[in-house]
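Q:
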Amino acid sequence: MKYQTISTQAFSDQQPGTSGLRKKVPVFQQPHYLENFVQSVFQVADNIKGHTLVLGGDGRYYNKQAIQIILKMAAANGIARVIVGQDGLLSTPAASALIRKHRAAGGLILSASHNPGGPKADFGIKYNISNGGPAPTSFTDAVYDVSKRITEYYIVATDDIDLGTRASLKMGDMTVEIIDPVADYADLMEQLFDFKRIRQLFSNGFKMRFDAMHAITGPYASEILHNRLGADVDTVMNGIPLEDFGGGHPDPNLVHAHELVEIMNSGSQAPDFGAASDGDGDRNMIIGRNFFVTPSDSLAVMAANAHLLPGYKKGISGVARSMPTSSAVDRVADQMGINSYETPTGWKFFGNLLDAGKISICGEESFGSGSDHVREKDGLWAVLFWLDLIACKQQSAEQIVRDHWSEFGRNYYSRHDYEAIDTNIANELVQALRDQASALTGQTLGSYEVDYCDDFSYTDPVDNSISDHQGIRLIFKDGSRIIYRLSGTGTEGATLRVYIERFEADSDKHDMETQQALAELITIADQVADIKSRCGRQAPDVIT
Ligand code: VG1
Ligand code: CO
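Quick note, the sequence shown lines up with residues 18 to 561 if you use my numbering.
Now the structure itself:
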């Protein structure tokens, strides 16, 4: 086996965003582009020499080629063992579980998550550390630094490995273990939820649809829902992972999972319960018959009911939500007498809180929720959580949410995305908000009085690291909120996200249509930031 040192030139744009490095496929296909980034990661992850690395991806276009390159680089960088999913597949939460189970030094996950796939679409790569979670900002900053100075990388010259069969092989001194990507994950789920109770639910005629969106969760959902829980064979739709996700956008929301939404809204014939997951399997959408559960409500319901499920029967230590996520879960935490932490957007900020045992459950408005069982958000976990809760309470998803609102009040909540806007215009818009932040305090806007306006800064309660500029918060005296921030996962121009929230305690007013309930705040959000005229857009591209 020939060990090679390849001379290379640094790229200036390898800065990881909210969740790893995401670029268009042709960018990753440039000579040395992927290699430079992987070498930079190996250089910063100085604990992996002689240790184990977990490797896999969501099966999108370029996954196969990238895996072969990374294996050869891992062998040349002195990694002792790589655990790789068969066919190079691993969902993000399954990769996290494997890192923890095998006490690996870390893992590389190939995915651009909810972004489209294909030769001209998106690819991504991210590194997870030994706790199974996304590397913290200090790590990704260091990788970016190295990537700007890199002059050479290490690789072995050898044939590609056949990843189609489970086996233990050698590449130079390195062992490559090709494993079933699903089994360990499915076993873990069986420990957390009452599979017997859910099996009973299905055998009583309960109907469900799970939309895998031609992304990674197809094989996981078939094994768990059909094989292990006895759901009908047509439960999983779009279950075959495709390199381009069938041309779709593997983002489980009302816009992109419209096929499922139509089925769930088809009147009394609709299945009892629906769910969907994203490209890499860490997001979830929960939908009842004619009833959409917002991710923020889902998180609050989970926190309030976790003790009813086997994996959480001892109760939960605390909860956390990303800053733009609605404060519904805070009300639950208040009542339970536990802490609710508010973190910046991105799962990496939950890792320390989970490791320190400060929280057991956490989530984001962006269709992500999870618990201390892994260190990633986990789409199928959330689906099973809801199934088990439905089986336990013998109530529909809608009834569970309505009861929750009567007890805790309802947080009307929506996110408006303006996609692919000019980066300079987006930055100017945010800067203008920053500039007027202090002047906004105390002002009355329509029927709302501004309590304060600031640029969110987070101090990690475990390691005291500070993350600034995490989004502009416009907080009103009655607790209503408008949040503005720029996406860190896009690959084209900038995406402005505007998050709007209003609390309603009165159960007689829990039946409004969300956009209507938020109408005045939506107008205020546009006026304060001057979105329409600055961006030249009449309406958001996506409303969730
Ligand atoms: C988005 C979401 C964020 C999520 C991130 C990664 O980030 O808003 O909540 O953690 O995607 O999710 P941004 O910076 O575009 O708003 V995934 O499923 O794409 O790994
Ligand atoms: Co994802």
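Beta carbons: idealized from backbone N, C-alpha and C, even for Gly. Being a predicted model, the structure only gives us computed values, none of them experimental.
Return the residue from the list H390, A91, F367 that minimises the CA-CA distance to V571.
A: The chain is shown from 18 up to 561; residue 571 falls before or after that span and cannot be answered.
Q: Below 6 Å CB to CB, which residues in the same chain sit around A62 once its five sequence neighbours on both sides are set aside?
A: Correct list, in chain order: G123.
Q: Restricting to Cα atoms, I'd like to know which of H49, I417, R120, G496 is closest to S464.
A: With distances taken between Cα atoms, S464 lies closest to G496.
Q: Between S386 and ligand 3, is there a pair consisting of the residue's CB and a ligand heavy atom that are separated by less than 8 Å?
A: Ligand 3 is absent from the structure shown, which contains only ligand 1 and ligand 2.
Q: Cβ of G296 within 9 Å of Cβ of D75?
A: Closer than 9 Å, so yes.
Q: Could you check if D395 is buried or exposed, using at least 16 other CB atoms within 10 Å of its CB as the buried criterion?
A: Buried: at least 16 other Cβ atoms inside 10 Å.
Q: Between A320 and V278, how many whole angstroms is the CB-CB distance? I'm expecting something under 8 Å.
A: With a Cβ gap of about 26 Å, A320 and V278 do not count as contacting.
Q: Going by DSSP in three states, D525 sits in which element: helix, strand or coil?
A: D525: helix per DSSP, three-state reduction.
Q: If I measure Cβ to Cβ from H119 and keep anything under 8 Å in the same chain, skipping five residues before and after, which residues do I get?
A: Counting only Cβ-Cβ distances below 8 Å, and skipping sequence neighbours, we find T69, V71, I100.
Q: Can you tell me which of the three DSSP states L271 falls into?
A: Looking at L271 - three-state DSSP - the assignment turns out to be coil, as it is neither helix nor strand.
Q: Can you list the alpha helix (DSSP H) stretches of 4 or more residues lying completely in the stretch 179–244, in chain order?
A: With a minimum length of 4 residues, the continuous alpha helix (DSSP H) runs that stay inside the stretch 179–244 are 200–209, 212–220, 234–238.
Q: Following a CB-centred definition, is A542 positioned closer than 8 Å to any heavy atom of ligand 1?
A: No - ligand 1 has no heavy atom lying nearer than 8 Å to the Cβ of A542.
Q: Pull the bridge partners of C379 from the DSSP assignment, please.
A: Looking at the DSSP assignment, C379 forms a beta bridge with A337, G387.
Q: Once you ignore the five residues that flank I355 on each side, which residues in its own chain have a CB closer than 8 Å to its CB?
A: Excluding positions up to five away in sequence, the list reads I333, S334, G335, V336.
Q: How big is the Cα-Cα spacing for G585 and S315?
A: Here the chain has residues from 18 to 561 only, and residue 585 is not among them.
Q: Please list, in chain order, all residues of the same chain as A511 whose beta carbon is under 6 Å from its beta carbon, the five residues on each side excluded.
A: Within the same chain, A511 has close Cβ partners I438, T440, A443, L503.
Q: Applying the criterion that 16 or more other CB atoms from any shown protein chain within 10 Å of the CB defines a buried residue, is I483 buried or exposed?
A: Label assigned to I483: exposed.
Q: Cutting at 8 Å between CB atoms, please list the residues of its own chain near H243, excluding the five before and the five after it.
A: Only D249, V250, T252, V253 meet the Cβ criterion.
Q: Just the C-alpha distance for E52 and G363, rounded to the nearest angstrom, thanks.
A: For E52 and G363, the distance between alpha carbons rounds to 25 Å.
Q: With H131 and D268 assumed to form a contact (beta carbons below 8 Å), what rounded beta-carbon distance in angstroms separates them?
A: About 4 Å; that satisfies the 8 Å criterion.
Q: Closer than 8 Å: is that where the CB of T508 sits relative to any heavy atom of ligand 2?
A: No, the Cβ of T508 stays beyond 8 Å of every heavy atom of ligand 2.
Q: Please tell me whether, using a cut-off of 8 Å, the distance from the CB of R77 to the nearest non-hydrogen atom of ligand 1 is below it.
A: Outside the cutoff, so no.
Q: For my contact list, I517 and I499 are in at a C-beta cut-off of 8 Å; report their separation, rounded to the angstrom.
A: Indeed they touch by this definition, with Cβ atoms about 6 Å apart.
Q: Out of G507, E276, S239, which one is the CA nearest neighbour of P258?
A: If we check each option's Cα against that of P258, S239 comes out closest.
Q: CB-CB under 8 Å to G488, same chain, minus the five flanking residues each way: which ones, in chain order?
A: Answer for G488: M340, P341, P361, T362, D472, F473, I500, Y501, R502, listed in chain order.
Q: Helix, strand or coil: which one does DSSP assign to G363?
A: Looking at G363 - three-state DSSP - the assignment turns out to be coil, as it is neither helix nor strand.
Q: Do G363 and ligand 1 come close, with the Cβ less than 8 Å from some heavy atom?
A: For ligand 1, at least one heavy atom lies less than 8 Å from the Cβ of G363.
Q: Is it true that the CB of A274 sits closer than 9 Å to the CB of I241?
A: No, the pair does not count as a contact, with Cβ atoms beyond the cut-off.
Q: Would you call the CB atoms of L446 and I548 closer than 9 Å?
A: Result yes, Cβ atoms of L446 and I548 sit closer than 9 Å.
Q: Within 10 angstroms of its Cβ, does K410 collect 16 or more other Cβ (buried), or is it exposed?
A: By the neighbour-count rule (16 or more Cβ atoms within 10 Å), K410 is not buried but exposed.
Q: Taking the alpha helix (DSSP H) that M90 belongs to, which residues open and close that run?
A: From DSSP, the alpha helix (DSSP H) with M90 extends over 80–93.
Q: Would you be able to state if there are at least three C-beta pairs under 8 Å between the stretch 362–377 and the stretch 397–417?
A: No, they do not touch.
Q: So, do the stretch 290–306 and the stretch 224–239 have three or more beta carbon pairs nearer to each other than 8 Å?
A: Touching, per the Cβ criterion.
Q: Check whether the Cβ of R502 lies closer than 8 Å to any heavy atom of ligand 1, and answer yes or no.
A: Yes, ligand 1 has a heavy atom inside 8 Å of this Cβ.
Q: For T182, count neighbouring C-beta atoms within 10 Å of its own C-beta (all shown protein chains included) and say buried if the count is 16 or more, exposed if not.
A: Exposed is the call here.
Q: Can you check the stretch 126–180 for any beta strand (DSSP E) of at least 3 residues that lies completely inside it and give the ranges in chain order?
A: The stretch 126–180 contains these whole beta strand (DSSP E) runs: 139–145, 169–174.
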